[in-house]
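Notes follow once the structure below has been shown.
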Amino acid sequence: MDSLNPESPPLIVISAERPPRIWKFWGTALWGLFIFAGMFVGQLAVIVYFWARQGGTMDVASAIHVVGGGLTISLSVIMGLPAVMIAAWIAIRPSRTPFADYLGLRWTSWGNFLLGVIALAVLVGGWDMVSRALGREVTPGFMGDVLKSAQADGALWLLAIAFCVAAPMSEEIFARGFLYRGWAESRLGVPGAIVLSSLAWTSLHLQYDWFFFGEVFCIGLLLGYLRYRSGSTWLTIVIHGLNNFAATVQTFWLAGN
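Position one of the sequence shown corresponds to residue 0 (numbering that gives the first Met the number 0), numbered consecutively onward.
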């Protein structure tokens, strides 16, 4: 046998291909800014289109009218999803790690799903009780205004798709998919990654006041824990979507009473 012949040693093939890697703290932070910029550009393109389409004077009042329209918001949120997917693909490609694996796009057990639903119901229910005790509105006024505008434009169904499908997917791929994955494998560890990715996610909701900021941050912590427990970003996308669906239905019901 050639392998036992000292004059003909076995051939050892050394692969020059680089092994897969995960971006750590700074790589994740910088590429995260790139993905956020992609989301922003995708959403801004829709706003610019509607602004230019209306013609007339391009002043602040007209800009506010366009940006606050239900149809504009719906389409801008929807367009943010492909922009995030493309930007995330660009960010992940140099790592040589499969796209779905890097982002944790895998399903989990029904037990984890049930845990997520129950925990979300308890958390949101607790915040609603505190809101009522403080004499505050249960849902943000922003939500009610957008729903009324979308209903007037005949785009309520489009708004539902934007809030309950597109927004959860783009935000979770960004926060619990990309940011959490890299930061969890850095010196921050899992706890730091959950907190920091939740802060980053909360910062996307600048339309809310301090009270709803607190609620969004707590929901982010729950989603981060579910991401850690299950290893599944699909789970956080579904739980996030259920939260947005419940908030949309609640806002619509309260607006009609």
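Glycine included, C-beta positions come from ideal geometry on N, C-alpha and C.
Quick caveat: nothing in here was measured; it's all calculated off a predicted structure.
Asked                                                                                                                                                              : Found
Along the chain, which unbroken stretches of the alpha helix (DSSP H) at least 4 residues long are found entirely within the stretch 143-216?                      : 155-160, 166-171, 179-183, 188-201
Pick helix, strand or coil for residue 252, following the three-state DSSP scheme.                                                                                 : helix
Rank 29, 23, 71, 240 by C-alpha distance to the C-alpha of residue 48 and give the top, closest one.                                                               : 71
Start and end of the alpha helix (DSSP H) containing residue 88?                                                                                                   : 69-91
Just to confirm, is the Cβ distance from residue 241 to residue 155 under 8 Å?                                                                                     : no
Can you give me the Cβ contacts of residue 88 inside the same chain, cut-off strictly under 8 Å, excluding the 5 residues immediately before and after it?         : 98
Take residue 251 and list the residues in its own chain whose beta-carbon comes closer than 7 Å to its own, dropping the five residues that flank it on each side. : 146
Please state whether DSSP places residue 231 in a helix, a strand or coil.                                                                                         : coil
What does the Cβ neighbour count give for residue 134, buried or exposed, with the cut at 16 atoms within 10 Å?                                                    : exposed
In angstroms, rounded to a whole number, what distance separates the CA positions of residue 92 and residue 236?                                                   : 22 Å
Using alpha carbons as the reference points, say which of 194, 168, 166 lies closest to residue 179.                                                               : 194
Ends of the alpha helix (DSSP H) at residue 34?                                                                                                                    : 24-53
Using the three-state DSSP reduction, which class does residue 114 fall into: helix, strand or coil?                                                               : helix
Quick check on residue 139: buried or exposed, where buried means 16 or more other Cβ atoms within 10 Å of its Cβ?                                                 : buried
Classify residue 76: buried if its beta carbon has 16 or more other beta carbons within 10 angstroms, exposed otherwise.                                           : buried
For the alpha helix (DSSP H) holding residue 133, just list the boundary residues, first then last.                                                                : Per DSSP, residue 133 belongs to no alpha helix (DSSP H) and is neither H nor E.
Helix, strand or coil: which one does DSSP assign to residue 238?                                                                                                  : helix
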